[in-house]
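One structure is given below, encoded as structure tokens.
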Amino acid sequence: MSRIVGIDLGTTNSLVAHVEGGIPRVIPDAEGRALLPSIVAWTGNGVVVGEAARRQLARNSARTVYSVKRLMGRGYDDVKDELARLPFEVTPQAEVVSIRIGDRAVTPPEVSAHVLRALKQRAETYFGEPVEQAVITVPAYFNDAQRQATKDAGRIAGLEVLRIVNEPTAAALAYGLQKLSQGIIAVYDLGGGTFDISILRVKDGVFEVLATNGNTHLGGDDFDRAMVDWLLADVKSRHHVDLSGDAEALQEIRLGAEAAKCRLSFDERTVLTIPFEGFTYHRDISRAEVEALVGPLVAATLGPCRQALADASLRAEQVDEVVLVGGSTRMPLVQRRVEELFGRTPHSRMNPDEVVALGAAVQAQILAGGITDMLLLDVTPLSLGIETLGGIVSVLIARNTTIPTLAREHFTTSVDGQTTVDMHVLQGERELAKDNRSLARFDLAGIEPMPGGMPKIEVTFLIDANGILQVQARELRTGKAASIEVKPTYGLTEDQVEQMVEDSFTYAEADVEARLLIETQTEADTVLNHVERALRQARDIVGAEERAAIEAARAALRTARAGTDRDQIRELTTALNQVTAPLADRLMESAIKDAVTSKRADRLLENS
Amino acid sequence: MSDYFTVFGLPRKLGVDGEALQRRFYELSRQHHPDFHQGVDAERQAEVLDQSALVNRAYRALREPLARVEYLIALEEGREVREGATAKPKAPRELLEEMMEVQEALEEAKGEGLGGDAGTRLREERRRLEERYAAEATAVVGRTAEWDRLVDAGGDRRPLLEWFKQRLATRAYLRTVIGDLSDALGEREDQHVSYRRH
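Residue numbers (the working numbering), protein chains in the order written: chain A, 291 to 898; chain B, 16 to 213.
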């Protein structure tokens with residue numbers, strides 16, 4: 291079996307990891323960085339991902355997409371309140387959020403695919419071989435559409451997603467490999483955009499999730515927003531300027547707020563300085579001020595914790611260990627609230643930014659057959675039901691049921707000769723269909739005409755180990771499999787994903803082109819630099835004719851370098867190299883002479 | 016389809032050793048979980064998925080004493096089993112008087128609001144119903160050993176089965192009323208507190 295990597299596709303940062311010699315490790319990039327900012331930008335030079343995209347965010351905010359995880363598997367109505375706060379433009383479309391980048395529209399799975407592709411390439415560079423299979427983590431409270439969207443993103447990036455794993459459970463696996471104590475473990479995972487709580491029983495290598503709960507729209511991003519609003523009001527009162535409509539200024543404030551928030555996890559006070567046109571904004575911020583701002587948001591994580599405990603039939607004091615995961619748990623306020631709730635000090639012995647990716651790598655290793663004594667038994671976070679008469683939901687699979695699981699339900703026709711039956715599948719905990727998350731409408735077709743009530747159609751709803759629903763149907767009297775047409779309420783159709791996979795090959799080629807151009811330009815820059823230095827050093831040993839020839843070649847390369855004709859740049863680089871070759875030789879000779887002379891001098895000194 | 020007792024190699028009895036059941040669940044999971052069957056063909060994968068789902072459902076149905084009784088009733092009656100659907104809420108006659116009082120208190124609350132006596136009265140009614148709700152569960156679990164003795168002796172189990180059914184139906188009814196009272200009081204902690212289940 292080929293190599294399987296573990297990927298944490300985060301709201302703010304993403305990572306890729308693998309197990310090496312029995313130990314999970316994060317795969318760093320060429321500069322040794324573990325975290326890849328989950329930011330994608332469309333620039334003149336093509337698509338840029340990560341730190342490079344982050345650096346140009348303020349300048350190019352309309353074409354830079356961040357926090358796209360919050361839009362995964364969601365419809366326009368779900369996120370329209372939030373969109374006003376994002377600098378990029380979103381097309382009103384019910385089924386899938388679509389982001390407008392110039393004249394191109396991209397969906398959240400496509401944006402995520404760029405992040406995944408960058409991680410895939412990072413791993414391929416590291417291993418020196420193709421990587422095609424991955425385990426990707428998602429928030430435990432992600433619904434079916436959000437999970438499917440994540441799987442789609444993997445496919446678009448050219449990765450076979452062997453498993454979708456819940457982030458808190460992945461963290462538990464990573465700890466488990468380091469010998470987590472046996473007993474009841476609570477994993478409190480507050481990341482950039484999402485919150486999860488999972489309660490597990492760890493025993494004899496089995497990680498049994500007892501209950502999970504959360505909020506897929508609560509995290510560090512929301513803390514930043516509260517701070518941005520507060521800072522905007524402050525700028526307005528002190529400098530009489532309203533910056534709320536200025537996209538670039540907003541991004542500067544957002545990045546400044548985020549940085550200040552992070553510093554305040556370790557210091558009591560910090561200073562925020564942002565230069566704007568005409569004035570410099572300067573603000574002393576205390577930890578207490580930020581805690582007052584985000585207090586209600588942190589408090590909102592406690593309800594789901596209580597609910598998870600209740601669902602696991604446990605009291606807080608029965609929890610043996612509380613583990614903190616996610617960057618936002620670095621905030622002392624979060625740690626205090628968690629400690630109050632569980633009555634014990636939580637810990638984050640493993641790096642809260644990396645532990646989820648490490649856990650994904652552990653799960654990858656389990657799937658590869660490299661670890662056989664660990665088993666993860668996870669649950670479905672939301673109840674699955676179908677709409678019945680009067681818009682009431684009939685629950686088929688209750689939340690916190692161990693997956694894989696299935697439910698069978700019988701349907702029939704109400705009218706003579708009826709050949710199709712439709713059903714509406716939902717996820718959620720409310721009694722009325724309209725209050726729950728619509729997953730899909732299914733049309734059972736091809737039922738043989740019979741008197742009403744005669745057909746007996748058995749429909750199997752299966753939730754697989756990824757927490758994703760599969761539906762099958764058959765007519766029991768004829769034994770024929772009924773055909774099902776699925777109309778997902780949110781998300782991409784099979785055809786759309788297929789198209790994106792194809793497109794990604796085209797783009798991948800374009801990306802390769804862009805990368806090659808940058809490489810050629812860099813090479814030209816290097817040669818130009820060398821020549822300039824050589825001319826300075828060798829002022830005395832260059833004749834007028836030779837100098838004129840070199841200057842002409844330099845000028846030609848500089849002109850070509852500004853363009854995009856890769857072949858021309860390469861040719862002229864070679865030409866400049868050739869015309870300066872005799873000079874280089876002479877310089878080399880004199881350098882050797884110098885070296886030899888100085889070596890002698892060294893020796894003389896040594897012997898003295 | 017094999018019944019859940021068979022999955023665990025157990026007789027159709029209500030007394031189950033929880034620890035042993037969990038151990039067996041972990042063993043069966045290690046045998047059947049899809050994690051350990053990667054790279055098999057699609058047909059085999061579907062089988063694995065089915066097996067694994069069966070083990071998980073069986074454990075869920077048997078691990079708690081009350082769920083076990085609900086499952087047993089369905090099994091004895093040869094019905095399709097669906098979690099929580101066994102006991103149709105039914106208003107028991109012996110609760111008629113209490114229900115009339117609850118009704119009165121609700122009417123009163125509608126007129127006067129929850130601030131005064133009506134709120135206090137509703138809360139008091141709810142507390143009594145919650146006690147009753149817990150008592151029903153205790154009563155059912157209290158007679159499970161009797162069921163097992165009847166199985167061993169080959170006695171007539173139908174009257175006890177009927178009694179289990181009535182108790183569970185009463186309990187389901189109480190659950191609905193408690194939920195409604197909490198709604199009326201505006202105190203349903205969360206939209207999805209676990210009244211749905213046990």
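Note that CB positions come from ideal geometry on N, CA and C, so glycine has one too. Please read these numbers as outputs of a predicted model, since none were measured by experiment.
Counting only beta-carbon atoms, is A/I656 nearer than 8 angstroms to chain B?
Judged by the 8 angstroms Cβ criterion, A/I656 is in contact with chain B.
Whole angstroms are fine: how far does the CA of A/M790 sit from the CA of B/A68?
Their backbone Cα atoms lie some 33 angstroms apart in a straight line.
Determine, for A/Q755, whether the minimum Cβ-Cβ distance to residues of chain B falls below 8 angstroms.
Before going further, note that residue 755 of chain A is Ala rather than Gln in the sequence given. Answer yes: the Cβ-Cβ gap between A/A755 and chain B drops below 8 angstroms somewhere.
Extract the residue ranges of the beta strand (DSSP E) inside the stretch 698-764 of chain A, only unbroken runs of 3 or more that lie entirely within it.
The stretch 698-764 of chain A contains these whole beta strand (DSSP E) runs: 711-717, 727-735 and 747-753.
Under 7 angstroms Cβ-Cβ, which residues of chain A neighbour B/S67?
Going along chain A in sequence order, the residues near B/S67 (Cβ under 7 angstroms) are P694.
Per DSSP, what are the beta-bridge partners of A/S684 in this structure?
Paired residues: A/I676.
With a 10 Å radius around its C-beta and 16 neighbouring C-beta atoms as the bar for buried, classify A/M640 as buried or exposed.
Flag for A/M640 reads buried.
Less than 8 angstroms between the beta carbons of A/A547 and A/T560, yes or no?
For A/A547 and A/T560, no; Cβs fall outside 8 angstroms.
With DSSP as the reference, label A/Q423 as helix, strand or coil.
In the structure shown, A/Q423 sits in a strand (DSSP, three-state: E or B).
Name the two residues that bound the continuous beta strand (DSSP E) containing A/N456.
First-last of the beta strand (DSSP E) with A/N456: E450 to N456.
Check each candidate in A/R364, A/A374, A/E341 and A/K359 and name the one with the smallest Cα separation from A/A352.
The option with the nearest alpha carbon to A/A352 is A/A374.
Tell me the rounded alpha-carbon separation between A/F751 and B/N71.
Cα to Cα, A/F751 sits roughly 15 angstroms from B/N71.
Which partner residues does B/R74 have in the DSSP bridge list?
Checking the sequence shown, residue 74 of chain B turns out to be Tyr, not Arg. Beta-bridge pairing links B/Y74 to no other residue.
Report all residues from its chain with a CB closer than 8 angstroms to the CB of A/I840; omit the five preceding and five following residues, and keep chain order.
Within the same chain, A/I840 has close Cβ partners V821, L825, V832, L866, V869, T870 and L873.
Rounded to the nearest angstrom, how far is the Cβ of A/Q653 from that of A/R453, given a contact under 8 angstroms?
Rounded, the Cβ-Cβ distance is 6 angstroms, consistent with contact.
Give the DSSP bridge partners of A/I487, in chain order.
A/Y478 and A/N503, per the DSSP bridge assignment.
Measure the alpha-carbon distance for A/A763 versus A/E310 and round it to whole angstroms.
Each residue's Cα considered, the two are about 44 angstroms apart.
Just curious, the beta strand (DSSP E) that A/S304 is in, first and last residue?
Residues N303 to E310.
Could you tell me whether the stretch 567-581 of chain A touches the stretch 497-511 of chain A, using the rule of 3 or more Cβ pairs below 8 angstroms?
Contact between the stretch 567-581 of chain A and the stretch 497-511 of chain A is absent, because fewer than three Cβ pairs lie under 8 angstroms.
Can you tell me whether A/I446 is helix, strand or coil according to DSSP?
Correct three-state label for A/I446: helix.
Could you tell me which uninterrupted alpha helix (DSSP H) segments, each at least 4 residues in length, are contained entirely in the stretch 515-579 of chain A, listed from first to last along the chain?
The stretch 515-579 of chain A contains these whole alpha helix (DSSP H) runs: 537-553.
Reducing DSSP to helix, strand and coil, say where B/S17 ends up.
B/S17: coil per DSSP, three-state reduction.
I believe A/G363 touches A/R407 by the beta-carbon criterion, under 8 angstroms. Please report the beta-carbon distance rounded to the nearest angstrom.
Not quite, the Cβ-Cβ distance comes to about 20 angstroms (not below 8 angstroms), so this is no contact.
Taking A/Q858 as the reference, give the member of A/D875, A/A582 and A/A814 with the closest Cα.
When each option's Cα is compared against that of A/Q858, the closest is A/A814.
Do we get a CB-CB distance below 8 angstroms when we pair B/D50 with the residues of chain A?
With 8 angstroms as the cut-off, B/D50 counts as an interface residue toward chain A.
Could you tell me which residues DSSP pairs with A/G336 in its beta bridges?
Answer is A/T333.
Within 8 angstroms (strictly less), CB to CB, does A/L667 reach chain B?
Yes, contact with chain B.
Taking DSSP as the reference, what is the three-state secondary structure of A/F378?
Coil.
Mind checking if A/G296 is an interface residue toward chain B, Cβ cutoff 8 angstroms exclusive?
Output row for A/G296: interface = no.
Indicate whether the contact test is met: 3 or more Cβ pairs, each with one atom in the stretch 153-161 of chain B and one in the stretch 177-184 of chain B, closer than 8 angstroms.
The stretch 153-161 of chain B is in contact with the stretch 177-184 of chain B.
Which residue comes first and which comes last in the beta strand (DSSP E) that contains A/S357?
Counting along the chain, A/S357 falls outside any beta strand (DSSP E), and DSSP gives it neither H nor E.
Output, in chain order, the set of chain B residues within a Cβ distance shorter than 7 angstroms of A/T591.
Near A/T591 there are no residues of chain B at all, since even the closest Cβ is about 14 angstroms away, more than 7 angstroms.
Rounding to the nearest angstrom, what Cα-Cα distance links B/G30 and A/G593 in this structure?
Near 35 angstroms, if we compare the C-alpha coordinates of A/G593 and B/G30.
DSSP three-state label for A/K493, please.
Here A/K493 sits in strand by DSSP.
Verify the CB distance criterion: does A/T670 have a CB-CB separation below 8 angstroms to chain B?
No - not a single Cβ of chain B is within 8 angstroms of the one on A/T670.
Express the C-alpha separation of A/P327 and A/I317 in angstroms, rounding to a whole number.
Near 14 angstroms, if we compare the C-alpha coordinates of A/P327 and A/I317.
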